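Trainee: Encoded as structure tokens, here's the structure I'll be asking about.
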Amino acid sequence: MSQRRGLFSMEWKLVAALLAGYGFLKEIRPSEPYITPFLTGPDKNFTDEQVNQQIFPVSTYAMLALLVVIFLVTDFLRYKPVIVAQSVSAVVTYCIIAWGQGVAIMQFMEVLYGLMWAADVAYFTYMYAKVDRAHYGTVSATARVGYLLGRCGSGVLSQVAVSFNLLSLLSLQFVTLGASVAATAFALALPGVSTSFYFHKKAGSALPDVESRPGSGFGSSEALGDDPPSPSAAGVKPAPAPSHPSVVKLLWADCREAFSKVDVVKWSVWWALASAGQMMVLSYVQILWQASVRESGSTETLLNGAVEAVYTFLGAGAVWLTTQKKDYSTVGDALVGVWSLAAGAIVILAARSQSMAVQYAVYVVFATSFNAAITIAYSEVAKRVREDAHALVFGINTLGALLLQTVLTFTVAGEGGLELDIRTQFTIYGSYFLVIGLGFLVVFVVTLFTRRCSTARRE
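When we follow UniProt numbering, the leftmost residue of the sequence shown carries the number 1, and every step to the right adds one.
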């Protein structure tokens with residue numbers, strides 16, 4: 001028995017190490033902070049308009065099309081094949097960036113980039129299907145540290161290479177490609193998963209009776225994270241792995257149960273709205289920087305890599321700070337409302353400024369504070385839904401964000417829409433956040449007024 005326990009202990013530690021290594025290597029992409037200068041530079045010779053309107057928008061459309069498929073395929077194929085596909089698509093993506101020519105091949109590259117992004121759902125949920133629940137926190141933290149160290153190290157590497165003329169922008173593509181190949185080796189080394197949340201549940205595990213399970217409103221013991229009721233009380237029954245029709249019923253039941261809670265809906269709405277805006281800002285900010293450099297005639301070395309490293313480092317600290325307060329249920333609406341207003345104001349400031357110092361500062365503040373705010377949203381949603389439904393709810397919220405991002409991309413930036421210049425685009429993104437902020441502050445005031453009226457009536 002002790003030998004078996006030792007093997008289990010070794011396995012979860014191996015999974016943690018491999019996930020951290022994979023996360024680190026897949027985020028070593030020193031070419032990313034300078035992708036726009038590379039595409040518009042002498043190596044590729046695309047115009048700003050081609051990059052802004054014809055190339056970059058394709059990844060958004062691809063992510064939207066692939067996310068639902070990837071979510072279901074991830075569960076059906078049991079995670080590892082999708083992680084391997086993610087790493088292989090990264091290798092092909094950076095081969096195309098390095099050697100491909102023409103808009104069409106770059107658009108195909110953006111489809112693969114969309115697959116890379118969508119497949120992150122497998123990376124972030126693999127651990128929950130593979131390791132024992134007792135080790136969730138440790139494995140999750142280890143994987144997250146590897147991910148953040150990769151991003152931070154990538155930013156430092158790219159900045160040092162550019163500032164000291166150690167590597168050309170093309171050479172940075174080859175460094176990224178090499179890291180992607182190494183990440184593929186880690187993906188292949190990951191242990192396989194025998195079970196999953198929906199298609200391959202453990203034989204004899206308790207499955208919710210989806211015909212009779214009601215949605216539990218906010219305030220129930222399950223929503224508040226108390227011990228779950230016994231199988232007989234909860235209406236669950238031991239069952240073999242479910243058939244595909246029962247999987248659909250189970251997905252629907254989990255979805256209905258989660259979104260019957262007002263707080264889950266509120267946090268999810270903000271999550272989707274804010275994530276869509278954040279993805280627009282981060283996707284197109286390099287084009288704004290490029291425009292500012294050209295308008296000012298500056299010959300200074302770009303600090304894209306440095307600000308990437310700084311925001312990743314500060315973002316990790318900001319995320320830690322969010323854990324110091326455990327309950328955001330009473331101030332959450334006000335918190336995200338104020339954040340959204342502030343975010344909108346500084347994005348508009350960046351749109352109107354030609355100073356690279358101002359724009360870099362805006363980027364760091366915006367990205368760092370968003371990491372903190374979205375972490376709070378993750379936590380507030382997660383504590384109100386069943387553990388088995390986390391991936392489903394997170395996937396639905398991400399899909400909502402992508403739908404909104406697709407609408408914004410097509411309307412504001414994409415070919416066939418308004419095709420606005422980059423400064424007007426960022427003014428719209430800032431205004432978008434201002435509207436979100438005002439909306440959630442109104443919700444906060446109404447909720448506060450309703451609670452006080454309810455308290456007064458009881459007294």
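Beta carbons: idealized from backbone N, C-alpha and C, even for Gly. Note that the structure is a prediction, hence the values are computed from the model and not measured.
In this structure, how does DSSP classify L166 when only helix, strand and coil are distinguished?
Mentor: Within the sequence shown, numbered from 1, the residue matching residue 166 stands at position 166. Three-state DSSP puts L166 in coil, outside helix and strand.
Trainee: For a quick check, are the C-beta atoms of T368 and C152 less than 7 Å apart?
Mentor: Residue numbering aside, residue 368 sits at position 368 when the sequence shown is read from its first letter. Residue numbering aside, residue 152 sits at position 152 when the sequence shown is read from its first letter. It is not a contact, given that the beta carbons lie outside the stated cut-off.
Trainee: Pick from E380, V393, Y126, A309: whose alpha carbon is nearest that of F259?
Mentor: Taking the sequence shown and counting its residues from 1, the one referred to as residue 259 is at position 259. Checking every option, the nearest Cα to that of F259 belongs to V393.
Trainee: I'd like to know whether the C-beta atoms of Y378 and G277 end up nearer to each other than 7 Å.
Mentor: Here residue 378 corresponds to residue number 378 of the sequence shown, with the count starting at 1. Here residue 277 corresponds to residue number 277 of the sequence shown, with the count starting at 1. Cβ distance not < 7 Å, so Y378 and G277 don't count as in contact.
Trainee: Just reading off the alpha helix (DSSP H) that I396 is part of, what are its end residues?
Mentor: Counting from 1 along the sequence shown, the entry for residue 396 is found at position 396. Here the alpha helix (DSSP H) through I396 covers 390–408.
Trainee: Beta-carbon within less than 6 Å of A334's beta-carbon, same chain only, minus the 5 sequence neighbours each way: which residues are those?
Mentor: Within the sequence shown, residue 334 is the residue found at index 334, counting from 1. Correct list, in chain order: F444.
Trainee: Going along the chain, which unbroken runs of the alpha helix (DSSP H) with 4 or more residues stay wholly within the stretch 110–145?
Mentor: You should have 120–130.
Trainee: Under three-state DSSP, which class holds G219?
Mentor: Taking the first residue of the sequence shown as position 1, residue 219 is located at position 219. A caution first: G219 carries a pLDDT of 32, below 50, which makes its placement in the model too unreliable to give a value.
Trainee: Along the chain, where does the alpha helix (DSSP H) containing D75 start, and where does it finish?
Mentor: As a working note, residue 75 is residue 75 in the sequence shown. Unbroken alpha helix (DSSP H) run through D75: 56–77.
Trainee: Does V88 come out as helix, strand or coil in the three-state DSSP assignment?
Mentor: On the sequence shown, residue 88 is found 88 positions in, with the first residue counted as 1. The answer is helix: DSSP assigns V88 an H, G or I state.
Trainee: Determine, using beta-carbon pairs with one atom in the stretch 16–31 and one in the stretch 147–164, whether at least three such pairs fall under 8 Å.
Mentor: yes
Trainee: Please state whether the Cβ-Cβ distance between V82 and T74 is less than 7 Å.
Mentor: Indexing the sequence shown from 1 puts residue 82 at position 82. Indexing the sequence shown from 1 puts residue 74 at position 74. For V82 and T74, yes; Cβs fall inside 7 Å.
Trainee: Identify whether T184 lies in helix, strand or coil by the three-state DSSP scheme.
Mentor: Position 184 of the sequence shown, counted from the first residue, corresponds to residue 184. In the structure shown, T184 sits in a helix (DSSP, three-state: H, G or I).
Trainee: Excluding the 5 residues preceding and the 5 following S158 in the sequence, name in chain order all residues of the same chain whose CB lies nearer than 8 Å to its CB.
Mentor: Locating residue 158 in the sequence shown gives position 158, where the first residue counts as 1. Once the five neighbours on either side are set aside, the close Cβ partners of S158 are P30, S31, E32, P33, Y34, L172, N304, G305, E308.
Trainee: Leaving out five residues before and five after T142 in sequence, what residues of the same chain have Cβ atoms less than 6 Å from its Cβ?
Mentor: Your numbering for residue 142 matches position 142 in the sequence shown. For T142, where only same-chain residues beyond five positions count, the Cβ hits under 6 Å are A16, A20.
Trainee: Does the distance from the CB of M116 to the CB of Q86 come in under 7 Å?
Mentor: Locating residue 116 in the sequence shown gives position 116, where the first residue counts as 1. Locating residue 86 in the sequence shown gives position 86, where the first residue counts as 1. For M116 and Q86, yes; Cβs fall inside 7 Å.
Trainee: For the candidate residues N397, F186, K80, C255, whose alpha-carbon lies nearest to that of K130?
Mentor: Taking the first residue of the sequence shown as 1, we reach residue 130 at position 130. Cα-wise, what sits closest to K130 is K80.
Trainee: In terms of residue numbering, what span does the alpha helix (DSSP H) encompassing R386 cover?
Mentor: Along the sequence shown, one-based indexing puts residue 386 at 386. R386 -> no alpha helix (DSSP H), and no H or E assigned at all.
Trainee: Is it right to say L166 is buried, meaning 16 or more other beta carbons lie within 10 angstroms of its own, or is it exposed?
Mentor: Taking the sequence shown and counting its residues from 1, the one referred to as residue 166 is at position 166. Counting the other CB atoms within 10 Å of its CB gives L166 a total below 16, which places it among the exposed residues.
Trainee: Which residue's Cα is closest to the Cα of T125: F76, L349, V111, V285?
Mentor: Taking the first residue of the sequence shown as position 1, residue 125 is located at position 125. T125 has its Cα closest to that of F76, out of F76, L349, V111, V285.
Trainee: Contact between the stretch 331–347 and the stretch 402–413: three or more CB pairs below 8 Å?
Mentor: no
Trainee: When the Cα atoms are used, what is the spatial distance from Y284 to V310?
Mentor: For the purposes of this step, residue 284 is taken as the residue at position 284 of the sequence shown. For the purposes of this step, residue 310 is taken as the residue at position 310 of the sequence shown. Cα to Cα, the separation comes out at about 19 Å.
Trainee: Look at Q107 and V58 and say whether their C-beta atoms are less than 7 Å apart.
Mentor: The residue given as residue 107 occupies position 107 in the sequence shown. The residue given as residue 58 occupies position 58 in the sequence shown. Yes.
Trainee: Looking only at C-alpha atoms, which of V68, L251, Q50 sits nearest to I105?
Mentor: What you label residue 105 is simply residue 105 of the sequence shown in a count that begins at 1. When V68, L251, Q50 are compared, the shortest CA-CA separation from I105 is found for Q50.
Trainee: Can you check which of these residues, V84, E415, Y198, E419, is closest to V181 by C-alpha distance?
Mentor: Translated into the one-based positions of the sequence shown, residue 181 becomes position 181. Answer by Cα proximity: V84.
Trainee: Do L39 and A118 come within 7 Å of each other at the CB atom, strictly closer than that value?
Mentor: Here residue 118 corresponds to residue number 118 of the sequence shown, with the count starting at 1. Here residue 39 corresponds to residue number 39 of the sequence shown, with the count starting at 1. No; because the gap between Cβ atoms is not below 7 Å, this pair is not in contact.
Trainee: Please go through the same chain and pick out, in chain order, the residues whose beta-carbon is closer than 7 Å to the beta-carbon of G337, but skip the five residues on each side of it.
Mentor: For the purposes of this step, residue 337 is taken as residue 337 along the sequence shown, with counting starting at 1. G437, F440, L441, F444.
Trainee: Are A268 and A401 close, meaning C-beta to C-beta below 7 Å?
Mentor: Locating residue 268 in the sequence shown gives position 268, where the first residue counts as 1. Locating residue 401 in the sequence shown gives position 401, where the first residue counts as 1. The identity of residue 268 in the sequence shown is Ser, whereas the question assumes Ala. Their beta carbons are not under 7 Å apart, which means S268 does not touch A401 by this criterion.
Trainee: Under the three-state reduction of DSSP, which class applies to L420: helix, strand or coil?
Mentor: For the purposes of this step, residue 420 is identified with residue 420 of the sequence shown, where counting begins at 1. It is coil, neither helix nor strand.
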